[in-house]
Amino acid sequence: MRIILRVFAIIGFLSVLLVAGAIGLGVHLANRQPKLPDSIVLELDLEKPLAEAPANSPVAGLLGDHRTTVEQVVRTLNRASKDPRVKGIIARTGNGVHSFAVTQELRDSIAKLRKEGRFAIVHAESFGEMGNGMQPYYLATAFEQVWMQPMGDMAITGMQAELTFLRGTLDKLKVEPQFRKREEYKSFAEQYTETGPTPANREAIDSLIGDLFNQWVTDVALARGINDAAVRAAVDKAPLMDKEALDAKLVDKLAYWDEAVDWAIEKAKAAGGTGGEPELVSLQDYNRAPPEGIDMSITDAPLVAMIVGDGAIMRGDSQADPLSGDESFGAATIAAAFDQAIEDDNVKAILFRVNSPGGSAVASEVVRRKVLKAKAKGKPVIVSMGAVAASGGYWVSMGADRIVAEPGTITGSIGVIAGKMVVRGLTDWAGINVEPISRGANAGMWSSNTPFSETQEARLNAFLDSTYAAFTQGVAEGRNLPLDKVKEIAKGRVYTGRQAKELGLVDALGGYATAMGEVRKALKLAEDAPVRAITLPHKRSQFDFIMELLSGDARAAVSDAVTAEVADRTLAPFRPALSTLAPYLKADQDMVVLMPAMVRHGF
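Heads up: the sequence shown is residues 1 to 603, going by the numbering used here.
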């Protein structure tokens, strides 16, 4: 029986290796640089969500998950705006898959493309279709032509935040939420502690929704050449039928996708210039092809390290989902990336992209310390905020030289919260008895079986006071603001990026392009000076992953029924084949590492 198990284990292991090698080769072949035509209409699918960072899981890479990032789209559109082969862009939209801030960043990139003389047309089968179409239509208004399919609808029905409160349910379950906060606007725990919003929570959310809606109305009115009142009237009437949207001048034509393509091709032909028949080229293919007219041999341009902190902030290393590639904001991983940038004399500045709703204060402080350390080493740190950079997301940002956010970025929430759920009532009702045996007066402080004692409550409040004081002091020092003003605007309140700039919590409004402009200013470079950029930490490639599988490290993955000696002997015949395959996989690795280091003009 043991021999049979070994045979099946070996067969299974070898099958995995062969499949992995075949997938790796397929990935490499799929990633080969395509040859671009001389006349290009760039095609962009805006119905797919964009990631903040590329997948860091080798398994996800082997499965073909090469997700497009916000930075790649922004950089590629900027590159296209300077490429004479690119005549214009055609895009699909209709579903709300991007945050308000990312939508604004994409709108800015489309506007820049148009400013350079390229046409831009967007097509939607429907804006929302029985859902909310505010975000996709907001994005569509960046284009000169907005087309919608007949029978489509425009569900620009407004903005609404729905707050859910569970206190009534918890009371029925005899569960007591015990949370303490600093200060009154820190509303996270209200979903557990309250049956409805407190006045402070209602005020903050109403202000947030109001400012985002006003931004939407103003930007749409400006883009469509109509007044604010007409836009608000359209929203109040929505959802709009196809002809109603056309009559309201919210769309330019009711037509199908193939008709939009025909229009784009004819527009490209009319643009003239050298080249043959215009062709559609996807953004991904265009991004993989060598840049036109850019000297890739430039090596003396300043090197900028790009570090992305995405997700909830936690202590330790970032944890990646092996299939999706989604990754948490691990403080140790981000700190290590900063150390690489600090220790590399070639790196002259750091662009730190932050997209996080918060998390551990301790973990956030680990990252903030690295920001300060980089500055002390003479390397400017510019923060670019994504969709949200609140609480811990603001903590890691507050010490940077400059903070850049989109007008719709959710930021602030300078406050702290801590507590627990006491389930003793529920366990008593269920007949469950928990008997603690402990040493130390506060050994059971975080136990869910007992409420806080007076002593424990005092220690909890001391912790909150200390953390809140450190937060506000850090903001005052990092943003060069009087402490009294920080205490006045902090209180755990969330702001839009536009509001945060007015308060001094943000230095400039914009996305990656604006942040890179701040990098150039910090390095005393011209606005259009070339820079090189490299992403840290380096991603582990599919090549590394497969090599580990076929090296001694892989023996741990083999079933216990297979000894190391058996594995070695069995794998020996396959190593020559691996050597043949390795260059192809290595090429893919080099693509991952070197492509981000390409010279980027203007960003």
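Glycine residues also receive a C-beta, built at the ideal position from the N, C-alpha and C atoms.
### Query
Tell me the DSSP bridge mates of Gly359?
For the purposes of this step, residue 359 is taken as the residue at position 359 of the sequence shown. According to DSSP, Gly359 bridges with Ile313.
### Query
If we call anything under 7 Å between Cβ atoms a contact, is Gly168 one with Thr195?
Walking along the sequence shown from the start, residue 168 turns up at place 168. Walking along the sequence shown from the start, residue 195 turns up at place 195. Yes, the Cβ-Cβ distance between Gly168 and Thr195 is below 7 Å.
### Message
For Val304, tell me which candidate among Ser453, Leu254, Ala515, Ile90 has the shortest Cα-Cα distance.
### Response
Indexing the sequence shown from 1 puts residue 304 at position 304. Residue Ala515 holds the alpha-carbon nearest to the alpha-carbon of Val304 among Ser453, Leu254, Ala515, Ile90.
### Query
Between the stretch 350-366 and the stretch 481-493, do three or more beta carbon pairs fall short of 8 Å?
Flag = no, the stretch 350-366 and the stretch 481-493 do not touch.
### Message
My assumption, with CB atoms under 8 Å, is that Ile382 sits in contact with Ala522. Please give the rounded CB distance.
### Response
Translated into positions along the sequence shown, residue 382 becomes position 382. Translated into positions along the sequence shown, residue 522 becomes position 522. For Ile382 against Ala522, the beta-carbon gap comes to about 7 Å, under 8 Å, which counts as contact.
### Message
Measuring straight from C-alpha to C-alpha, what distance separates Asp228 and Ala248?
### Response
One-based indexing of the sequence shown puts residue 228 at position 228. One-based indexing of the sequence shown puts residue 248 at position 248. Their backbone Cα atoms lie some 12 Å apart in a straight line.
### Task
Sort Gly358, Gly128, Val416 by Cα distance to Lys186 and report the nearest one.
Start at 1 with the first residue of the sequence shown, and residue 186 comes out as number 186. Of Gly358, Gly128, Val416, the residue nearest in Cα terms is Val416.
### Message
Could you check whether the stretch 448-463 touches the stretch 146-158, counting it as contact only if at least three pairs of C-beta atoms, one from each stretch, sit closer than 8 Å?
### Response
Taking a cut-off of 8 Å on C-beta distances, the stretch 448-463 does not touch the stretch 146-158, as fewer than three cross pairs fall below it.
#### Entry: Residue burial classification, Gly117 (beta-carbon count within 10 angstroms, cutoff 16)
Your numbering for residue 117 matches position 117 in the sequence shown. Under this definition Gly117 is an exposed residue.
### Query
What is the DSSP secondary structure of Arg353, reduced to helix, strand or coil?
Taking the first residue of the sequence shown as 1, we reach residue 353 at position 353. Of the three classes helix, strand and coil, the one that applies to Arg353 here is strand, per DSSP.
### Message
Three Cβ pairs or more, each shorter than 8 Å: is that satisfied between the stretch 129-149 and the stretch 213-223?
### Response
Using a C-beta cut-off of 8 Å, the stretch 129-149 makes contact with the stretch 213-223, since at least three inter-stretch Cβ pairs fall below that distance.
### Message
I'd like to check one pair, Thr467 with Ala490: are the Cβ atoms closer than 7 Å?
### Response
Numbered from 1 along the sequence shown, position 490 holds the residue referred to as residue 490. Numbered from 1 along the sequence shown, position 467 holds the residue referred to as residue 467. It is not a contact, given that the beta carbons lie outside the stated cut-off.
#### Entry: alpha helix (DSSP H) runs contained entirely in the stretch 71-146, provided each spans 4 or more residues
As far as the stretch 71-146 is concerned, its whole alpha helix (DSSP H) runs of at least 4 residues are 100-115, 134-140.
### Residue environment, Thr218, which counts as buried when at least 16 other CB atoms sit within 10 Å
For the purposes of this step, residue 218 is identified with residue 218 of the sequence shown, where counting begins at 1. With fewer than 16 other Cβ atoms within 10 Å, it is exposed.
### Query
If you count every other CB in all the chains shown that lies within 10 Å of the CB of Asp45, and 16 or more means buried, which is it?
As a working mapping, residue 45 is identified with position 45 in the sequence shown. That one is exposed.
### Task
Provide the residue span of the beta strand (DSSP E) that contains Met385, from first to last.
Numbered from 1 along the sequence shown, position 385 holds the residue referred to as residue 385. Its beta strand (DSSP E) spans residues 381-390.
### Task
Give the straight-line distance between the Cα atoms of Asp401 and Lys375, rounded to the nearest whole angstrom.
Numbered from its first residue, the sequence shown carries residue 401 at position 401. Numbered from its first residue, the sequence shown carries residue 375 at position 375. Between Asp401 and Lys375, the C-alpha separation is close to 8 Å.
### Task
State the start and end residues of the unbroken beta strand (DSSP E) segment that holds Ser328.
Against the sequence shown, residue 328 aligns to sequence position 328. Looking at the DSSP string, Ser328 is not in any beta strand (DSSP E), and its letter there is neither H nor E.
### Task
Pick out the complete alpha helix (DSSP H) segments inside the stretch 234-304, 4 residues or longer, and give them in chain order.
The alpha helix (DSSP H) runs lying completely inside the stretch 234-304 and spanning 4 residues or more are 242-247, 257-271, 283-288, given in chain order.
### Task
Kindly give me the distance between the Cβ atoms of Pro407 and Gln215, rounded to whole angstroms, as I take these residues to be in contact under 8 Å.
On the sequence shown, position 407 is the one that residue 407 refers to. On the sequence shown, position 215 is the one that residue 215 refers to. Yes, Pro407 and Gln215 are in contact; Cβ-Cβ is about 6 Å, under 8 Å.
### Task
Along the beta strand (DSSP E) that carries Met159, what are the first and last residues, could you check?
Taking the sequence shown and counting its residues from 1, one reaches residue 159 at position 159. Premise fails: Met159 is in no beta strand (DSSP E) and is neither H nor E.
### Task
Within 10 angstroms of the Cβ of Ala567, are there 16 or more other Cβ atoms? Answer buried if so, exposed if not.
Numbered from 1 along the sequence shown, position 567 holds the residue referred to as residue 567. Residue placement at Ala567 cannot be trusted, given a pLDDT of 43 that sits under 50; the coordinates are not used to answer.
### Query
Which word fits Lys379, buried or exposed, when buried means at least 16 other C-beta atoms lie within 10 angstroms of its C-beta?
Stepping through the sequence shown from its first residue, residue 379 is reached at position 379. Taking a 10 Å sphere around the C-beta of Lys379, we find 16 or more other C-beta atoms and assign the residue as buried.
#### Entry: Nearest-angstrom Cα separation, counted from Leu77 out to Gly131
Taking the sequence shown and counting its residues from 1, the one referred to as residue 131 is at position 131. Taking the sequence shown and counting its residues from 1, the one referred to as residue 77 is at position 77. So the two alpha carbons sit approximately 29 Å from each other.
### Query
For the beta strand (DSSP E) that Glu194 lies in, which residues bound it at each end?
Your numbering for residue 194 matches position 194 in the sequence shown. For Glu194, there is no enclosing beta strand (DSSP E), as DSSP gives it neither H nor E.
### Message
When you compare the CB positions of Trp395 and Ser364, do they come within less than 7 Å of one another, or not?
### Response
If you number the sequence shown from 1, residue 395 lands on position 395. If you number the sequence shown from 1, residue 364 lands on position 364. Yes, the pair counts as a contact, with Cβ atoms nearer than the cut-off.
### Task
Identify which residue in Val122, Glu52, Gln149 has its Cα closest to the Cα of Glu129.
Sequence index remark: in the sequence shown, residue 129 carries index 129 (1-based). With distances taken between Cα atoms, Glu129 lies closest to Gln149.
### Task
Measure the beta-carbon distance from Val73 to Ile40 and round it to whole angstroms, keeping in mind my assumption that it falls under 8 Å.
Counting from one through the sequence shown, the residue named residue 73 turns up at place 73. Counting from one through the sequence shown, the residue named residue 40 turns up at place 40. Between Val73 and Ile40 a beta carbon distance of about 16 Å is seen, past the 8 Å cut, so the two are scored as non-contacting.
### Query
Can at least three beta-carbon pairs, one atom from the stretch 194-210 and one from the stretch 492-502, be found at a separation below 8 Å?
Counting Cβ pairs under 8 Å, three or more are found: they touch.
#### Entry: Nearest-angstrom Cα separation, counted from Ala255 out to Ser328
Numbered from 1 along the sequence shown, position 328 holds the residue referred to as residue 328. Numbered from 1 along the sequence shown, position 255 holds the residue referred to as residue 255. Rounded to whole angstroms, Ser328 and Ala255 show a C-alpha spacing of 42 Å.
### alpha helix (DSSP H) runs wholly inside the stretch 445-500, at least 4 long, in chain order
454-479, 483-489, all fully within the stretch 445-500.
### Query
For Asp344, which three-state DSSP category applies?
Numbered from its first residue, the sequence shown carries residue 344 at position 344. In the structure shown, Asp344 sits in coil (DSSP, three-state: anything other than H, G, I, E or B).
### Task
Keeping to the same chain, check which residues put their C-beta closer than 7 Å to that of Gly330; ignore five residues upstream and five downstream.
Taking the first residue of the sequence shown as position 1, residue 330 is located at position 330. The beta carbon of Gly330 lies closer than 7 Å to those of Met314, Gly316, Asp317, Ser318, Gln319 in the same chain, with the five residues before and after it left out.
### Query
Is the CB-CB distance between Thr93 and Pro49 below 7 Å?
If you number the sequence shown from 1, residue 93 lands on position 93. If you number the sequence shown from 1, residue 49 lands on position 49. Remark: C-beta atoms of Thr93 and Pro49 do not approach each other more closely than 7 Å.
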